[in-house]
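Chemist: Here you go, one structure.
There are 2 protein chains.
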Amino acid sequence: MKLVKTAKEMQGMANQSRKNGEIICLVPTMGALHDGHVGLITEAKKRADVTVVSIFINPTQFGRNEDLNNYPMNLDTDLAKIDDLRVDVVFNPDIGEIYPESFQTYVVVEELQGFLCGIFRPGHFRGVATVVLKLFNIVKPHIALFGEKDYQQLKIIQRMVNDLNLEVEIVGFPTVRDENGLALSSRNAYLSAEERIRAASISRALCEIKKVFDTGIRRANTIIEAGEKKLKDVGIENIDYLEICDPETLRPKELAEDGDLVAVAVRLGAARLIDNTLL
Amino acid sequence: MKLVKTAKEMQGMANQSRKNGEIICLVPTMGALHDGHVGLITEAKKRADVTVVSIFINPTQFGRNEDLNNYPMNLDTDLAKIDDLRVDVVFNPDIGEIYPESFQTYVVVEELQGFLCGIFRPGHFRGVATVVLKLFNIVKPHIALFGEKDYQQLKIIQRMVNDLNLEVEIVGFPTVRDENGLALSSRNAYLSAEERIRAASISRALCEIKKVFDTGIRRANTIIEAGEKKLKDVGIENIDYLEICDPETLRPKELAEDGDLVAVAVRLGAARLIDNTLL
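Protein chains in written order, with our numbering: chain A, 46 to 324; chain B, 46 to 324.
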């Protein structure tokens, strides 16, 4: 495994790999790797000649009152995990390498960012789109993998790739869950043992919504209420959203249909947790 | 000369050229080619194995009350000129090819767009940066050439290239002028013969400013007044700006220094005309 710190070195390696006809797969991460990341990396390795994992806690995707300064970080543990997986390259730049002084160029996917997490985290997806575009230009992947837990992020990146004529195949990878159904997230580290058990109700709420939908009920409000009850039953009162949306435009729907997205974000203790499923 | 209409075909050709180790030079244009464009293309040919000229009137860089619908267009004349210059490829996509339905991703160079033309043409440079990034991703040039007449555009594109880690060398090409010193522009076509003669005072105003600066005067306001007089003498009253700025940040200056930018934009008849020089 090669550890690369500068954009220039990474681009040089990428150009050489491309010249050799090798397929480059990128798994972008902010570190604090869990089994969801392991799934992404394992999938990347199946598709790649050269697998690159980036580790970069991207400041521009955090709001002022968010958890940038507390975000879990353990580079040595991450590198050991990645080494076990026999990844070819880890790209781990410093902040100044990605955002030099006088940096001022941002990418905005205007409509898709106006829903769900975009409402509660203004500027978040601008930061995500910008850093992902930069990573694509630095790592030059043929394929990049993203977790489906971050559904809105996945859609925004797919849209950006289409709109900007990037020749990168975007692959979504199913959410990995713990034994209670809680979607794995680096932010689960903020939960106490007791909160972690209650947090399992987030995915239960999604299951309940699916169940109600499967009985034939179509009014979104009615279906959502059943899910909300599951959250409130365990004292999760701080719900940013629990919505049924069009899976492509992310617009909220009044009547649910097969294939619609159910997306949820709650605050529990020090964590903001998201999850989703498709009807 | 090959005429290419789709992004996919252009990308295929660019990928093949790169595989062959050929240097691709791009000259992006909105058509209505004049001797300024000829200069850019001639310079591109010196540096390239494959020279690509794009012709695309980019709607996202026009404001609502601007001249999108009147912008001069004469594809046959343009293609004949380009053919004479023995250009390899003309990329001339339709609007729907560049901006498909549901297009919504824009690139913004935030600080540099806050000065000069950016104030008078809100959204203009967002449109420019977006289409240039798309053209870079489609044509995959090693080198791209831009006229120095559009100084702010050149700086914004250079900033975008650095900020987004694009491996494209941006080359500025000196402004080409008519026999009276008027900077060549497709928009000069809007001028009557009489207006065209008066428009020559724009570059005379810049020369006058240089002259005053060379006498040792440093107060920007004093220097600018001398230039303004040249414009008003020929009845050019509609001055968007006539400013001395930092050549990198574009911030207006109170005291002029060697190397500073003098930039001007005026409205004359149906045309908005810009020009600039360095002290």
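Think of the CB as a built atom: it goes at the ideal place given N, C-alpha and C, for glycine as much as any other residue. Computed from a prediction, not measured in an experiment: that's the story for all the values here.
#1: Less than 8 Å between the C-beta atoms of B/Cys70 and B/Ala89, yes or no?
#2: Measuring straight from C-alpha to C-alpha, what distance separates A/Gly192 and A/Thr122?
#3: List the residues of chain A whose Cβ lies closer than 8 Å to the Cβ of B/Gln149, in chain order.
#4: List the residues of chain B whose Cβ lies closer than 7 Å to the Cβ of A/Lys255, in chain order.
#5: Taking B/Ser248 as part of the alpha helix (DSSP H), name the residues at either end of that continuous run.
#6: Can you tell me whether B/Ala238 is buried or exposed, with buried defined as 16 or more other CB within 10 angstroms of its CB?
#7: Does any CB atom of chain A fall closer than 8 Å to the CB of B/Asn182?
#8: Count the other CB atoms, across all protein chains shown, that sit within 10 Å of the CB of A/Glu293; report buried if there are 16 or more and exposed otherwise.
#9: What separation, rounded to the nearest whole angstrom, lies between the Cα atoms of A/Arg249 and A/Ile242?
#10: Compare the C-beta of A/Lys179 with all C-beta atoms of chain B and state if any pair is closer than 8 Å.
#11: If contact means a Cβ-Cβ distance below 7 Å, which residues of the stretch 50-73 of chain A contact chain B?
#12: Using a cut-off of 7 Å between C-beta atoms, extract the partners of B/Glu212 located in chain A.
#13: Quick check on A/Arg317: does DSSP put it in helix, strand or coil?
#14: Measuring straight from C-alpha to C-alpha, what distance separates A/Arg166 and A/Asp112?
#15: Which residues in the same chain have their Cβ closer than 6 Å to the Cβ of B/Asn225, if we skip the five residues on either side of it in sequence?
#16: Taking the alpha-carbon positions, what's the A/Thr87 to A/Phe181 distance?
#17: Have a look at B/Ala315 and B/Leu236 and give me their C-alpha separation to the nearest angstrom.
#18: Going straight from the alpha carbon of B/Arg264 to that of B/Lys126, what length do you get?
#19: Check this for me: beta carbons of B/Asn266 and B/Arg312, under 8 Å apart or not?
#20: Would you give the residue range spanned by the beta strand (DSSP E) that B/Leu178 belongs to?
#21: Suppose you measure from the CA of B/Asn65 to the CA of B/Asp94; what does that come to, to the nearest Å?
#22: Assign A/Leu295 to one of two classes, buried (16 or more other C-beta atoms within 10 Å of its C-beta) or exposed (fewer than that).
#23: I think B/Gln197 touches B/Leu157, with their Cβ atoms under 8 Å apart; what is that distance to the nearest whole Å?
#24: Between A/Val184 and A/Phe170, which are expected to be in contact by the criterion C-beta below 8 Å, what is the C-beta distance as a whole number of angstroms?
#25: Going by the DSSP bridge assignment, what does A/Thr220 pair with across the sheet?
#26: Assign B/Val279 to one of three DSSP states: helix, strand, or coil.
#27: What residues in its chain sit with their C-beta under 6 Å from that of A/Gly81, if we drop five residues either side in the sequence?
#28: Confirm, please, whether the CB-CB distance from A/Asn137 to A/Ile100 is below 8 Å.
#29: Taking its Cβ as the centre, do 16 or more other Cβ atoms sit within 10 Å of B/Ile261, making it buried, or is it exposed?
#30: Would you tell me roughly how many angstroms separate the C-alpha atoms of A/Met75 and B/Val152, rounded to the nearest one?
#31: Work out the CA separation of B/Met205 and A/Gln203 for me, nearest whole Å.
#32: Helix, strand or coil: which one does DSSP assign to A/Phe148?
#33: Could you work out which residue in A/Ile319, A/Leu323, A/Leu324 is closest to A/Cys162 when comparing CA atoms only?
#34: Quick one: what's got a C-beta closer than 7 Å to B/Lys274's C-beta in the same chain, skipping five residues either side?
Modeler: Let me spell this out:
#1: yes
#2: 21 Å
#3: Val154, Glu155, Glu156, Leu157, Arg204, Asp208
#4: Neighbours of A/Lys255 on chain B: none; closest Cβ ~28 Å, over 7 Å.
#5: 238-259
#6: exposed
#7: yes
#8: exposed
#9: 12 Å
#10: yes
#11: Ala52, Gln56
#12: Gln56
#13: strand
#14: 12 Å
#15: Ala245
#16: 20 Å
#17: 7 Å
#18: 45 Å
#19: no
#20: Segment 169-184 is the alpha helix (DSSP H) holding B/Leu178; no beta strand (DSSP E) there.
#21: 10 Å
#22: buried
#23: 7 Å
#24: About 20 Å separates the two Cβ atoms, so there is no contact after all.
#25: For A/Thr220, which the question treats as bridged, DSSP gives no partner whatsoever.
#26: coil
#27: Gly192, Val221, Leu229
#28: yes
#29: Note that residue 261 of chain B corresponds to Gly in the displayed sequence, not to Ile. B/Gly261 is exposed by the Cβ-count criterion.
#30: 23 Å
#31: 21 Å
#32: coil
#33: A/Ile319
#34: none
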